[in-house]
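Asker:
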Amino acid sequence: MRVNYQTNATVQFQILTEDQRQEIFRAALEVLEHVGVDVFNEEALAIFKKQGAWVEGVRVRIPNHLVRQALATAPSSFTVYSREGNPEKNIAIGPNRVHYGPGPTCPNMRDPRTGERRKYLRKDARDVALVCDALPHIDFVESLGTIGDVTPDLADVYEFADMIANTGKPIVAWSYTLETCRDIHQIAIAVAGGEEAFKLKPNYIFYAEPLSPLTSNQEAMDKLLYCSKHRIPIVYTPCPMCGGTAPTTSAGVLVTALCESLHGLVISQAISPGTGFVMGGVVSIMDMLHTTLAYGAPELSLQSAALTEMGRYLGLPVWSTAGCTDSKVLDEQAGIESAISVLFAGLSGADLVHDVGFLEGAITGSLHMAVMSDEAIGYVKRILRGIEVTPETLATEVISEVGPGGHFLATEHTLTHFKDQFWFPTLMDRSRWAEWEAAGSLSMGDRVQMQINDVLDTHEPVPLGPEAQKQIDEILAKAEARYRA
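Here it is, written out as structure tokens:
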């Protein structure tokens, strides 16, 4: 029997020391208790007060024990399910299980056929869901944009309805208002087969966003309250900018981001202990030359990885960011920024890594960027598998069999293991020059376009049942009637 033998399930990676994690958490508790947060929601203020927080106007100061109590009931692991009933598409959220997906709400879209930068349209939500359904390394789906050719106040509902019809992968949803949050949930219930079926196997996660610094507005808290009451897993994470809406220092932005998620956790667990809750955020810098949130900055990857470590320290799943760029087009800058952020997010062990496919600092969505980043994600997932050390993989017998000066190409060991040991690219080219020329001298961009065309032309998602589609149509019709009234 072997004792005290450690097997690494994945590559080891660390930003913060144990002492630093303790100091950052202590600082967040101090800010929550002595500075507090502003909450513009009467129901939430009443809940905070009943729990024992100090409430004065909209300012809420939260004692340490309420935060620790919420951390004790929040699950570190839960599952979001494929609406197809396909276990391979489920997302098992838990420590060091990394899942990647696109982001939402870009006003513009690079047309998947022509590359034209234009307004995001309803057809794009369907196309994004379809392509993400086919991409092997994308685990959950968001839309890459906000629909601009439907009733504006219902863009969020149409987006969710079109995505859930065109992918079996779990979806991360958002909404403008509490009313459309309800509409989205009713669609999810229809697809799941009823409210109890949804509670047993939720098919989406809801995203709501507090404001930096240290604020929850009426709408964000309304949605958090609704999700908590209905046991909908929720992401409640901010978007602080160092030097703008957060301190300039990396440690300072970690403190504020923690406070902005943790006050939401206290409310969520007070209403419904055990409801799935995801902390985190987009934690980058304000580019001081252009006054923009820098999506390709090294600070984004560094601070996101550190925030993931804080999540593990607290026992909470983490929402992170990667696969995005400040570049306006799919170029070398886009490739560098996407690949490095994908690697850092993977090495950190973040649970849900979003914004894959963002160009122009989240102003433009791009399926070209998403497809290219999917290749990088596959590359990184192979690294994350690490190195298995067993008698079979040590291969001493086959080394002895081949001996000095031989080769391993024809051995049974190679035939048995090369497919599970080697990563096989689908877009990156490893061919010889003559082979590359004979195939058309295609660039990465050419190959990306071919893959997009092939998926859009041939991929067919598992369709919704007719009853579920009928209910979705009725929900959309009622929502339209509500906004015409």
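Take our numbering: the final residue in the sequence shown is number 512, and no numbers are missing along the way.
Idealized CB from N, CA, C, for every residue including glycine.
Predicted model only: the values in this text are computed from it and were never measured.
1) Does the pairing of the stretch 201 to 221 with the stretch 247 to 260 give three or more beta-carbon distances under 8 Å?
2) What does a CB cutoff of less than 7 Å around residue 400 pick up in its chain, not counting 5 residues either side in sequence?
3) Name the one or two DSSP bridge partners that residue 135 has.
4) Within this structure, are the beta carbons of residue 91 and residue 106 separated by less than 8 Å?
5) Run through DSSP, which three-state label would residue 307 get?
6) Based on the DSSP secondary-structure assignment, which residues constitute the bridge partners of residue 386?
7) Going by alpha carbons, who is nearest to residue 287 out of 276, 310, 270?
8) Assuming residue 66 is part of the beta strand (DSSP E), what are its boundary residues?
9) What are the complete beta strand (DSSP E) segments, minimum 3 residues, inside the stretch 332 to 407?
10) Please say whether residue 182 and residue 343 have beta carbons closer to each other than 8 Å?
11) In whole angstroms, what separates the C-alpha of residue 226 from that of residue 260?
12) Near residue 177, which residues of its chain fall below 8 Å by C-beta distance, leaving aside the five closest residues on each side in sequence?
13) Determine the extent of the alpha helix (DSSP H) in which residue 87 is found, giving its start and end residues.
14) Going by the CB atoms, is the gap between residue 308 and residue 242 shorter than 8 Å?
15) Since I believe residue 329 is in contact with residue 373 (beta carbons under 8 Å), could you give me their beta-carbon distance rounded to a whole number of angstroms?
16) With three or more beta-carbon pairs closer than 8 Å as the criterion, would you say the stretch 386 to 400 touches the stretch 433 to 447?
17) From the DSSP output, read off the bridge partner residues of residue 287.
18) At what residues does the beta strand (DSSP E) containing residue 81 begin and finish?
19) By Cβ distance, which residues of its chain are closer than 8 Å to residue 544, with the 5 residues on each side in sequence left out?
20) On the DSSP letters alone, give me the boundaries of the alpha helix (DSSP H) that residue 475 sits inside.
21) Going by alpha carbons, who is nearest to residue 341 out of 43, 48, 42?
22) Assign residue 413 to buried or exposed, taking buried as 16 or more other Cβ atoms, counted over all protein chains shown, within 10 Å of its Cβ.
23) Name the DSSP bridge partner or partners of residue 126?
24) Please classify residue 449 as buried or exposed, where buried requires at least 16 neighbouring CB atoms within 10 angstroms.
25) Counting along the chain, where does the alpha helix (DSSP H) carrying residue 9 start and finish?
26) In three-state DSSP terms, what is residue 119?
27) Just to confirm, are residue 121 and residue 103 a CB contact at a threshold of 8 Å?
28) Pick helix, strand or coil for residue 103, following the three-state DSSP scheme.
29) Quickly, what does DSSP pair residue 269 with across the bridge? List them, please.
30) Does the pairing of the stretch 55 to 67 with the stretch 77 to 93 give three or more beta-carbon distances under 8 Å?
31) Going by C-alpha to C-alpha distance, which of 391, 334, 357 sits closest to residue 379?
Answerer: Reading it off the structure:
1) yes
2) 350, 365, 369, 383, 384
3) 146, 391
4) no
5) strand
6) 391
7) 310
8) 64 to 66
9) 345 to 348, 379 to 381, 391 to 393
10) no
11) 10 Å
12) 149, 185
13) Premise fails: residue 87 lies in the beta strand (DSSP E), 86 to 88, not in any alpha helix (DSSP H).
14) no
15) Going by Cβ atoms, the distance from residue 373 to residue 329 rounds to 14 Å, so no, they are not a contact pair.
16) no
17) Residue 287 pairs with nothing; no bridge assigned.
18) 81 to 83
19) Residue 544 falls outside the range modelled here, since the chain spans only 28 to 512, and no answer is possible.
20) 471 to 485
21) 48
22) exposed
23) 379
24) exposed
25) This structure gives no information on residue 9, because the portion of the chain shown stretches from 28 to 512.
26) strand
27) yes
28) coil
29) 273, 312
30) yes
31) 334
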